[in-house]
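Number of protein chains: 2
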Amino acid sequence: MLDRCIGTHRVRQIQRAIRHGKITLLCLFMTVVVLRGTIGAGKFGTPEQDFNDLRNHIYASRKHAEPHRVLTESNQSNNSKNDEANSAGDANNYAAFDINKILVDEGEDEKPDPNKPYSLGPKISDWDEQRAKWSSENPGFSNFIGANKPRVLLVTGSSPKPCENPIGDHYLLKSIKNKIDYCRLHGIEIFYNMALLDAEMAGFWAKLPLIRKLLISHPEIEFLWWMDSDAMFTDMAFEVPWERYKDSNFVMHGWNEMVYDQKNWIGLNTGSFLLRNCQWSLDLLDAWSPMGPKGKIRDEAGKVLTRELKNRPVFEADDQSAMVYLLATQRDKWGDKVYLENAYYLHGYWGILVDRYEEMIENYHPGLGDHRWPLVTHFVGCKPCGKFGDYSVERCLKQMDRAFNFGDNQILQIYGFTHKSLASRRVKRVRNETGNPLEAKDELGLLHPAFKAVKASAS
Amino acid sequence: MLDRCIGTHRVRQIQRAIRHGKITLLCLFMTVVVLRGTIGAGKFGTPEQDFNDLRNHIYASRKHAEPHRVLTESNQSNNSKNDEANSAGDANNYAAFDINKILVDEGEDEKPDPNKPYSLGPKISDWDEQRAKWSSENPGFSNFIGANKPRVLLVTGSSPKPCENPIGDHYLLKSIKNKIDYCRLHGIEIFYNMALLDAEMAGFWAKLPLIRKLLISHPEIEFLWWMDSDAMFTDMAFEVPWERYKDSNFVMHGWNEMVYDQKNWIGLNTGSFLLRNCQWSLDLLDAWSPMGPKGKIRDEAGKVLTRELKNRPVFEADDQSAMVYLLATQRDKWGDKVYLENAYYLHGYWGILVDRYEEMIENYHPGLGDHRWPLVTHFVGCKPCGKFGDYSVERCLKQMDRAFNFGDNQILQIYGFTHKSLASRRVKRVRNETGNPLEAKDELGLLHPAFKAVKASAS
Chain A
1 MLDRCIGTHR VRQIQRAIRH GKITLLCLFM TVVVLRGTIG AGKFGTPEQD
51 FNDLRNHIYA SRKHAEPHRV LTESNQSNNS KNDEANSAGD ANNYAAFDIN
101 KILVDEGEDE KPDPNKPYSL GPKISDWDEQ RAKWSSENPG FSNFIGANKP
151 RVLLVTGSSP KPCENPIGDH YLLKSIKNKI DYCRLHGIEI FYNMALLDAE
201 MAGFWAKLPL IRKLLISHPE IEFLWWMDSD AMFTDMAFEV PWERYKDSNF
251 VMHGWNEMVY DQKNWIGLNT GSFLLRNCQW SLDLLDAWSP MGPKGKIRDE
301 AGKVLTRELK NRPVFEADDQ SAMVYLLATQ RDKWGDKVYL ENAYYLHGYW
351 GILVDRYEEM IENYHPGLGD HRWPLVTHFV GCKPCGKFGD YSVERCLKQM
401 DRAFNFGDNQ ILQIYGFTHK SLASRRVKRV RNETGNPLEA KDELGLLHPA
451 FKAVKASAS
Chain B
1 MLDRCIGTHR VRQIQRAIRH GKITLLCLFM TVVVLRGTIG AGKFGTPEQD
51 FNDLRNHIYA SRKHAEPHRV LTESNQSNNS KNDEANSAGD ANNYAAFDIN
101 KILVDEGEDE KPDPNKPYSL GPKISDWDEQ RAKWSSENPG FSNFIGANKP
151 RVLLVTGSSP KPCENPIGDH YLLKSIKNKI DYCRLHGIEI FYNMALLDAE
201 MAGFWAKLPL IRKLLISHPE IEFLWWMDSD AMFTDMAFEV PWERYKDSNF
251 VMHGWNEMVY DQKNWIGLNT GSFLLRNCQW SLDLLDAWSP MGPKGKIRDE
301 AGKVLTRELK NRPVFEADDQ SAMVYLLATQ RDKWGDKVYL ENAYYLHGYW
351 GILVDRYEEM IENYHPGLGD HRWPLVTHFV GCKPCGKFGD YSVERCLKQM
401 DRAFNFGDNQ ILQIYGFTHK SLASRRVKRV RNETGNPLEA KDELGLLHPA
451 FKAVKASAS
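The listed protein sequences correspond, in order, to chains A and B.
Each residue of the first sequence is one higher than the one before, starting from 1 at the first, in full-length UniProt numbering.
Each residue of the second sequence is one higher than the one before, starting from 1 at the first, in full-length UniProt numbering.
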């Protein structure tokens with residue numbers, strides 16, 4: 001275990017030091033201190049500490065290669081027959097119902113031509129011009145809402161099939177409610193996808209064809225915000241600092257050194273990112289996609305990624321690892337337009353956040369977006385829609401409830417309510433009704449947030 | 001059965017006629033013809049025919065008194081203990097997980113004072129003035145988006161508890177995706193409620209405190225659109241004719257004669273309605289609520305409603321029956337501001353619609369909103385979230401899938417896709433990609449619909 005923590009070289013150093021006794025004890029002591037500091041959920045902004053935590057906790061999650069739950073291929077048998085099969089008593093009983101009765105299999109997907117290289121679609125080279133022309137002809141669909149606020153489409157989704165386990169869909173439902181709330185407050189539209197547009201790009205890769213399709217269909221969108229279904233908003237008051245990204249086209253949570261120097265497979269996270277609607281982004285999607293096509297290509301690409309990236313386990317190519325690889329090997333081409341953001345939690349790994357909610361409530365307030373009050377809590381590895389997760393089911397679901405309530409409290413307080421506790425579905429009143437409701441101010445100013453007011457402007 | 005169809009008097013007539021032979025046969029023949037015409041799903045716009053269908057099919061649904069699935073009281077025991085209870089193997093296995101491990105019961109709700117009459121909140125008498133003042137001070141939150149389009153908030157919701165049966169949450173998820181799609185196209189915001197704000201007004205009555213709270217918190221809203229979680233949009237192109245309602249404050253699907261003349265308990269439907277944000281509406285909510293408080297009041301009110309309304313079964317007071325009763329008995333007070341709409345399906349009973357989808361596709365097109373292409377298909381009585389529905393589970397779920405796909409196809413066609421069939425989750429491409437995506441027009445004009453364009457206007 002030591003050499004996993006601190007490198008092979010150091011192990012030999014320690015072996016030499018053992019012969020010197022005192023130095024040995026000192027080194028061991030330091031190791032324990034560092035590990036403790038790490039497990040204690042280190043300070044925000046210290047990549048190494050966050051990293052060790054992340055790596056130790058999410059090794060297996062990528063291994064199972066089913067992180068996004070966006071789309072899965074169906075292997076359903078056609079059992080849908082006539083109603084008489086049900087006895088009259090059981091016919092209306094959902095508990096006795098076998099869902100396979102209504103699953104429909106439309107046959108296999110068409111096999112792609114193995115000699116034809118994969119493509120997301122016909123090459124477009126003048127998207128910026130096409131977009132500009134369209135915008136000038138369609139002033140009613142401006143790219144900007146107000147002076148500094150771009151038009152944003154938040155994209156998420158899940159499988160069209162019911163979750164394999166009974167509880168998964170309930171958490172998908174809570175998750176989309178959570179997103180609806182944040183987006184309503186921040187003037188962001190939502191696209192919830194439940195269609196597999198390209199059978200070759202199933203699983204975590206499915207977002208690529210979807211994103212491309214949405215960008216080129218909606219020139220009015222300035223930024224597309226992809227967000228996994230297992231990620232939740234936990235800071236309802238935090239507005240993304242759009243101005244910061246005026247010269248960037250692609251924003252992910254991550255650390256430059258982890259990606260460009262270390263090629264660490266979790267140096268960035270593709271579970272929540274911003275992508276500008278422009279030619280550069282279409283080119284990026286084209287460059288990103290080649291490792292995606294399932295089967296031999298994806299498997300072989302996975303081996304390359306495991307070999308080339310730091311700490312990556314063995315499994316088929318995933319979109320996140322592929323992005324690390326792409327950026328690390330082609331920094332000159334893409335790097336100047338990529339912003340690896342770590343000043344706030346555009347993606348926040350749940351393992352280091354959820355036990356601190358009470359502490360956050362005690363010491364901080366919404367609007368910070370960072371380790372003090374994370375914008376996003378992302379339940380990587382929990383996989384409540386599947387059969388098996390990488391963590392204890394009880395811990396995952398409990399914490400997802402807590403994260404949901406943590407965010408929901410910020411919505412409820414607008415109306416004078418709050419959850420009885422972070423573990424409880426029940427709510428209680430915390431502000432009395434009056435005959436002059438418009439004089440009441442919600443503490444967070446979320447009732448009529450400034451970032452939502454539409455300023456009259458000539459389009 | 002005869003006297004149920006045609007009245008007690010006629011039965012005696014028939015009994016006399018039996019002695020005359022020929023007349024007997026003639027009457028029996030007429031009865032059969034009328035019934036056949038009814039079961040054949042009569043013409044739209046003929047209340048009697050729709051009514052007999054509705055009544056025969058949904059008698060039991062109200063009886064079970066759990067139609068909306070918005071909020072239910074929880075009687076959960078606190079079984080949530082520590083993680084060690086799970087064996088290491090089962091700990092990550094969702095299939096082996098007992099959800100009761102994480103359910104939290106925060107104790108009973110406070111008992112309301114039995115001597116205090118129920119109230120939705122402190123009386124407000126100058127809401128129009130308060131609202132007007134606020135609007136003038138907050139020009140960034142106009143009541144109208146564009147010339148003729150009011151700001152609308154669509155409100156829906158479901159229980160914070162997982163559904164009792166495994167499949168219910170999946171259909172809630174599909175239902176909210178469906179609403180997200182419609183509302184995105186039509187510039188409508190969504191509020192998804194999962195909180196029981198007032199324990200006394202649980203069940204179908206829970207929408208009243210919620211609606212009141214949202215109206216008085218959001219003066220910028222011009223119309224609140226309540227929609228049940230078991231109702232789905234099936235016409236994505238249909239824009240509500242807002243102009244038609246400029247002198248109305250409350251719009252429900254229904255028939256004047258059924259409500260005012262017959263006092264028929266299903267003369268209108270409160271599963272999908274529009275309520276203007278104004279003093280009149282606050283007063284209406286106050287007048288509507290007295291039958292709601294659970295327990296003795298609701299039970300006794302239920303008996304009154306069964307007695308007073310036509311065809312109502314015996315069960316506790318529900319909001320819909322109460323509204324029929326309120327309007328029928330106080331027409332002078334409320335009638336002039338209530339619009340009972342039947343020119344399109346603001347609410348469309350699923351039983352007479354779902355078998356006709358293929359016929360609709362063959363003969364008509366989206367944008368009609370009526371019997372030819374219903375705006376809303378409402379699965380009254382199906383109750384997929386509960387244990388028992390009033391209809392065969394297989395029929396309900398199959399039809400809900402079809403309705404979902406019927407609506408979803410209108411979204412997918414924007415992007416050049418469609419479901420392989422109304423029964424299939426899979427999609428197929430129907431329009432090829434090109435290098436000039438902005439020249440492609442989607443047939444329905446939903447890509448950049450006119451009703452969504454924001455016209456520059458001075459606020």
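In this text, a Cβ means the ideal position worked out from N, Cα and C, and glycines have one as well.
Because the structure is a prediction, the values reported are computed rather than measured.
Measuring CA to CA, which of B:Val251, B:Met252, B:Ile266 is closest to B:Met258? Against the second sequence, residue 258 of chain B aligns to sequence position 258. Residue B:Ile266 holds the alpha-carbon nearest to the alpha-carbon of B:Met258 among B:Val251, B:Met252, B:Ile266.
Tell me which same chain residues have a C-beta within less than 8 Å of the C-beta of A:Cys278, skipping the five on either side of it? Taking the first sequence and counting its residues from 1, one reaches residue 278 of chain A at position 278. Closer than 8 Å at Cβ, skipping near neighbours: Trp127, Asp128, Arg131, Asn249.
Could you list which residues in chain A have their beta carbon closer than 7 Å to that of B:Cys278, in chain order? Looking up residue 278 of chain B in the second sequence gives position 278. For B:Cys278, none of the residues of chain A pass the 7 Å Cβ criterion, the least Cβ distance being about 14 Å.
Residue(s) in a DSSP beta bridge with A:Ser272: For the purposes of this step, residue 272 of chain A is identified with residue 272 of the first sequence, where counting begins at 1. DSSP lists A:Met227 as partners of A:Ser272.
I'd like to check one pair, B:Leu173 with B:Phe223: are the Cβ atoms closer than 8 Å? Reading the second sequence from its first residue, position 223 is the one you call residue 223 of chain B. Reading the second sequence from its first residue, position 173 is the one you call residue 173 of chain B. Against a cut-off of 8 Å, the Cβ pair of B:Leu173 and B:Phe223 comes out as no contact.
Can you tell which of B:Met291, B:Thr329, B:Val304 has the C-alpha that lies nearest to the C-alpha of B:Gln262? Position 262 of the second sequence, counted from the first residue, corresponds to residue 262 of chain B. Looking only at B:Met291, B:Thr329, B:Val304, the smallest Cα-Cα distance to B:Gln262 is reached by B:Thr329.
Per-residue contacts from B:Ala91 into chain A (C-beta, under 8 Å): Numbered from 1 along the second sequence, position 91 holds the residue referred to as residue 91 of chain B. Under the 8 Å cutoff, chain A gives Ser392, Val393, Glu394.
State yes or no: is the C-beta of A:Ser272 within less than 8 Å of the C-beta of A:Val380? As a position in the first sequence, residue 272 of chain A is number 272, starting the count at 1. As a position in the first sequence, residue 380 of chain A is number 380, starting the count at 1. Not closer than 8 Å, so no.
Give me the subset of the stretch 173 to 200 of chain B whose CB atoms are less than 8 Å from a CB atom of chain A, sorted by chain position. Leu173, Lys174, Ile176, Lys177, Ile180, Asp181, Arg184, Glu189, Ile190, Phe191, Tyr192, Met194, Ala195, Leu196, Leu197
Taking all protein chains shown into account, do 16 or more other C-beta atoms lie within 10 angstroms of the C-beta of B:Ala403, making it buried, or fewer, making it exposed? The residue you call residue 403 of chain B lines up with position 403 of the second sequence. Label assigned to B:Ala403: buried.
CB contact flag (B:Phe388, A:Tyr94, <8 Å): Looking up residue 388 of chain B in the second sequence gives position 388. Looking up residue 94 of chain A in the first sequence gives position 94. By the CB criterion at 8 Å, B:Phe388 and A:Tyr94 fall inside the cutoff.
Can you say whether A:Glu200 is buried or exposed, counting buried as having 16 or more other CB atoms within 10 angstroms of its CB? Position 200 of the first sequence, counting from 1, holds the residue named residue 200 of chain A. That one is buried.
Please list the partners that B:Pro160 has in chain A, where partner means a Cβ-to-Cβ separation under 7 Å. Here the question's residue 160 of chain B lines up with position 160 in the second sequence. Under the 7 Å cutoff, chain A gives Arg425.
Going by beta-carbon coordinates alone, are residue 520 of chain B and B:His253 separated by less than 8 Å? The structure shown does not extend to residue 520 of chain B, since chain B is modelled only from 1 through 459, so no value can be given for it.
Can you find a heavy atom of the ligand ADP that lies under 7 Å from the Cβ of A:Met258? With respect to the ligand ADP, the structure offers nothing, as it holds no ligand at all.
Any C-beta of chain B under 8 Å from that of A:Gly121: Reading the first sequence from its first residue, position 121 is the one you call residue 121 of chain A. Yes, contact with chain B.
What is the rounded straight-line gap between the Cα of B:Tyr344 and the Cα of B:Pro374? If you number the second sequence from 1, residue 344 of chain B lands on position 344. If you number the second sequence from 1, residue 374 of chain B lands on position 374. Each residue's alpha carbon lies about 7 Å from the other.
Identify the continuous alpha helix (DSSP H) that holds B:Asn178 and give its terminal residues. Translated into the one-based positions of the second sequence, residue 178 of chain B becomes position 178. Start and end: 168 to 186.
Against chain A, which members of the stretch 113 to 138 of chain B pass a CB distance test of less than 7 Å? Gly121, Pro122, Lys123, Ile124, Gln130, Trp134, Asn138
Chain A residues whose Cβ lies nearer than 9 Å to that of B:Leu438: The sequence position of residue 438 of chain B within the second sequence is 438, counting from 1. Here the neighbours are Gln130, Arg131, Lys133, Trp134, Ile216, Ser217, Pro219.
Measuring straight from C-alpha to C-alpha, what distance separates B:Thr46 and B:Asn342? As a first step, residue 46 of chain B is located in the second sequence; it is residue number 46 there, counting from the start. As a first step, residue 342 of chain B is located in the second sequence; it is residue number 342 there, counting from the start. Low local confidence applies: a pLDDT of 40 at B:Thr46 is under 50, so the model's placement there is unreliable, with the coordinate-based value given in what follows. Cα-Cα distance, rounded: 10 Å.
So what's A:Leu305 in DSSP terms, helix, strand or just coil? Start at 1 with the first residue of the first sequence, and residue 305 of chain A comes out as number 305. Residue state, collapsed to three classes: helix.
Identity of the residues DSSP links to B:Gly254 by a beta bridge: The residue labelled residue 254 of chain B in the question sits at position 254 within the second sequence. Answer is B:Leu268.
How far does the beta strand (DSSP E) with B:Thr377 in it extend, from its first residue to its last? For the purposes of this step, residue 377 of chain B is identified with residue 377 of the second sequence, where counting begins at 1. 376 to 378 is the span of the beta strand (DSSP E), which, as asked, contains B:Thr377.
From what residue to what residue does the alpha helix (DSSP H) around B:Asn115 run? Sequence index remark: in the second sequence, residue 115 of chain B carries index 115 (1-based). Segment: none, B:Asn115 is in no alpha helix (DSSP H) and carries neither H nor E.
Report all residues from its chain with a CB closer than 8 Å to the CB of A:Leu282; omit the five preceding and five following residues, and keep chain order. The sequence position of residue 282 of chain A within the first sequence is 282, counting from 1. Excluding the 5 residues flanking it on each side, A:Leu282 has same chain C-beta neighbours closer than 8 Å at Ile124, Trp127, Arg212, Leu215, Ile216, in chain order.
Once the 5 residues before and after B:Leu185 are set aside, which same chain residues still bring their CB inside 7 Å of it? Here the question's residue 185 of chain B lines up with position 185 in the second sequence. Only Met236, Leu446, Pro449, Lys452 meet the Cβ criterion.
Going straight from the alpha carbon of B:Val430 to that of B:Gln413, what length do you get? Position 430 of the second sequence holds residue 430 of chain B. Position 413 of the second sequence holds residue 413 of chain B. Each residue's alpha carbon lies about 8 Å from the other.
For A:Val324, which option in A:Ser289, A:Ile352, A:Asp355 has the closest C-alpha, if you only look at C-alpha atoms? For this step, residue 324 of chain A is matched to residue 324 along the first sequence. Checking every option, the nearest Cα to that of A:Val324 belongs to A:Ser289.
Give the DSSP-derived three-state secondary structure of A:Met232 in the structure shown. Working through the first sequence from its first residue, we reach residue 232 of chain A at position 232. The answer is strand: DSSP assigns A:Met232 an E or B state.
From the DSSP output, read off the bridge partner residues of A:Val155. Counted from its first residue, the first sequence places residue 155 of chain A at position 155. Assignment of beta-bridge partners to A:Val155 by DSSP yields A:Phe191, A:Trp226.
Residue-chain proximity (A:Thr234, chain B), Cβ-Cβ < 8 Å: Walking along the first sequence from the start, residue 234 of chain A turns up at place 234. Closer than 8 Å: no.
Take A:Ile176 as the anchor and find which of A:Ser135, A:Leu397, A:Asp228 has the nearest alpha-carbon. Within the first sequence, numbered from 1, the residue matching residue 176 of chain A stands at position 176. Nearest of A:Ser135, A:Leu397, A:Asp228 to A:Ile176, Cα basis: A:Asp228.
Report the three-state DSSP secondary structure of B:Tyr339 (helix, strand or coil). If you number the second sequence from 1, residue 339 of chain B lands on position 339. The answer is strand: DSSP assigns B:Tyr339 an E or B state.
Output needed for B:Phe191: all residues of its chain with C-beta closer than 7 Å, excluding positions within five of it in sequence on either side, in chain order. Position 191 of the second sequence holds residue 191 of chain B. Apart from the 5 residues on each side of it in sequence, B:Phe191 sits with its Cβ closer than 7 Å to the Cβ of Leu153, Val155, Leu214 in its chain, given in chain order.
DSSP three-state call for A:Phe204: helix, strand or coil? Position 204 of the first sequence, counted from the first residue, corresponds to residue 204 of chain A. Helix at A:Phe204.
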